[in-house]
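All remarks here apply to the structure that follows.
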Amino acid sequence: MHFATVLSAVTALAGLAAAAPAGHHAPPAGAAPTPFVIPTDDGFPNPNADQLKVIQQIADGTLSNAPPPAKINESSFPVFQLIAFNEQFEVAFFSSLIYNVTNDVPGFVFKNPKKKDELLDILETVLAQEKLHAINAQKTLANFKQFVPVPCKYQFPTANIYDAIALADRFTALVMGTLQDAAQTLARNGDVGPVRGVASSLGQEGQQDGFYRILLSKKPSEKPFLTTNVAAFAFSALQQFIVPDSCPFPLSNIKLPVFTPLQVLTGSGGFDVEARDQHIAYKVDLTGVSAADSHVGRTDLWITYFSGQLLPISMPVVNVKWSGRVATFEAEFPFSANEMVGLSVAALTTSGKFASPGEVVGATIAAPGLIQVDDRVKSWDGFKL
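All letters in the sequence shown, in the order written, are residues 1 to 385 by the UniProt record's numbering.
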């Protein structure tokens, strides 16, 4: 099995270490983690022409045949490196999920063989589409002789099909916010050519997530304008699924900061927060984070939220308790005034006034913390297996 309980899956993405890494079966208690490696039988991440043709057939579509842009701004390359890095993670995730369903791993067993076959058909298509997303970003980088990330070894906590889809819902929502940031960065840098492709893949991710949300008895469309995110927060969140030191390249090759995790303590690790105004509890561990030395012991900090397309919302932290370099604290979650249904992305920041999401990165101590408030449809049951 490769996936976590709902709580551990969500807290892993929110910044906690995964409880148990991937393997085709759960390891015995106390056993060393088993890393998951992406299968390469179809040539991914560098398929030949015949292998690419098969991937495209399964994906129900092809890579663009438009010529690459004549040039790309140097500061735009981290956008494509993050996209490739993330899409390789998604390829690993869906590969392991397909294995579990195909092989009737406990927790992934379907009583209805037709439903099992149909889900596998859907997941195989999604997997092939994610491979094309990765290949597209890799081709752009290779065309300009830039660093191209290659797959690492991955770790996914373990549990069942419901938890796997819940995790897919969560990271897909975060990806859609990150692709907004990618499009904004490219446009700001004058690299308008690739923006159309980024918008196209963002729409594809939205179609995916609508399906996952229906399976989870949620309304398929989360908000009128989906919550934004920034590249550095996505890169930081992805580290929790990477086996330490398993990437065959220095992570510093991708010019994005990696923040220490911000743990959400309220509502099952942020996974199931009630739709009301309240104080949310957080925890941060700055052990080993030398850049945070000047912040240890401070109480004049903020939680800054991304929600929908609103400007960043900052609330002062209260009830701060430090124990060495570990702090617990609370901050107001202003639900009613901002209609904070769906995903909110939280960061612990040193200031509380920002004119754009991009400004938040420079003031961030820890991030991201993910908060989910769901509008459910109780009569739907997508998991009658």
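All C-beta atoms, glycine included, are put in the ideal place defined by N, C-alpha and C.
Alpha carbon to alpha carbon, how far is residue j from residue i? Give it in angstroms, no decimals.
i: V148; j: P250; result: 12 Å
i: residue 402; j: V284; result: What the structure shows of the chain is the stretch from 1 to 385, and residue 402 is not part of that stretch, so it cannot be assessed.
i: D117; j: N73; result: 45 Å
i: D121; j: D104; result: 15 Å
i: A292; j: I254; result: 21 Å
i: R196; j: M340; result: 29 Å
i: P220; j: R376; result: 10 Å
i: A137; j: C152; result: 16 Å
i: A187; j: A232; result: 18 Å
i: T57; j: A366; result: Note that residue 57 corresponds to Gln in the displayed sequence, not to Thr. If I take the Cα positions, the gap works out to 42 Å.
i: S236; j: D209; result: 21 Å
i: P224; j: Q309; result: 9 Å
i: P312; j: G206; result: 23 Å
i: G297; j: S290; result: 14 Å
i: V79; j: T364; result: 20 Å
i: V54; j: V126; result: 14 Å
i: H279; j: Q51; result: 52 Å
i: G324; j: D277; result: 31 Å
i: P35; j: V360; result: 34 Å
i: A19; j: P157; result: At A19 the pLDDT is 29, less than 50, meaning the model places this residue with poor confidence and gives no usable figure here.
i: P357; j: Q239; result: 21 Å
i: L370; j: F354; result: 19 Å
i: A59; j: L123; result: 10 Å
i: T350; j: P244; result: 29 Å
i: F93; j: I38; result: 9 Å
i: A281; j: F335; result: 15 Å
i: residue 428; j: T185; result: A query on residue 428 cannot be resolved here, the shown segment of the chain reaching from 1 to 385 and no further.
i: F329; j: K71; result: 47 Å
i: G61; j: K115; result: 24 Å
i: K321; j: F333; result: 19 Å
i: A327; j: P47; result: 47 Å
i: P316; j: H295; result: 15 Å
Measuring alpha carbon to alpha carbon, tell me which residue in the options is nearest residue i.
i: A331; options: D293, T266, W322 and P261; result: T266
i: L82; options: F329, V243, R170 and H133; result: H133
i: N338; options: Y162, V317, E359 and F306; result: F306
i: G362; options: L370, G352 and G369; result: G352
i: V150; options: T140, F329 and C247; result: C247
i: V318; options: V326, P334 and L301; result: L301
i: P194; options: L226, Y154 and N65; result: N65
i: P261; options: E124, N46, P368 and F110; result: P368
i: M176; options: L226, F329 and T140; result: L226
i: D181; options: F333, S252 and S76; result: S76
i: P45; options: E130, V258 and I165; result: E130
i: L179; options: T299, T228 and D163; result: T228
i: F171; options: K139, Q184, V91 and G107; result: V91
i: I165; options: A128, T140 and R213; result: R213
i: A234; options: L286, F85 and D42; result: F85
i: G107; options: E222, A49, D163 and L63; result: D163
i: N143; options: F259, D42, P69 and V230; result: P69
i: D374; options: L348, P316 and K218; result: K218
i: F211; options: A173, P257, N48 and A49; result: A173
i: L215; options: N189, P257 and A168; result: A168
i: Y154; options: F89, K321 and V258; result: F89
i: F259; options: P47, V109, L348 and A128; result: L348
i: L63; options: F333, P257, A128 and D42; result: A128
i: F110; options: I161, P47 and P67; result: I161
Counting C-beta neighbours from all protein chains within 10 Å, is the total for residue i 16 or more, i.e. buried, or is it exposed?
i: T304; result: buried
i: T40; result: exposed
i: residue 435; result: One cannot answer for residue 435 here, as it falls past the ends of the chain, which runs 1 to 385.
i: E87; result: buried
i: P113; result: exposed
i: K145; result: exposed
i: F241; result: buried
i: S96; result: buried
i: N100; result: buried
i: S379; result: exposed
i: E222; result: buried
i: T287; result: exposed
i: V192; result: exposed
i: T140; result: buried
i: S201; result: buried
i: Q372; result: buried
i: L230; result: One point to set straight first is that residue 230 is Val, not Leu, in the sequence displayed. With 16 or more other Cβ atoms within 10 Å, it is buried.
i: A159; result: buried
i: A49; result: exposed
i: A32; result: Low confidence applies to A32: its pLDDT is 43, below 50, so where it sits in the model is not reliable, and the reading given next is rough at best. Label assigned to A32: exposed.
i: A183; result: buried
Stretch-stretch touch, CB-based, cutoff 8 Å, three pairs: the segment 340-355 with the segment 252-271: yes
Length at least 4, wholly inside the segment 210-276: the alpha helix (DSSP H) runs in chain order: 231-238
Whole beta strand (DSSP E) elements within the segment 339-377, 3-residue minimum: 342-349 and 364-373
Segments assigned beta strand (DSSP E), at least 3 residues, entirely inside the segment 77-120: none
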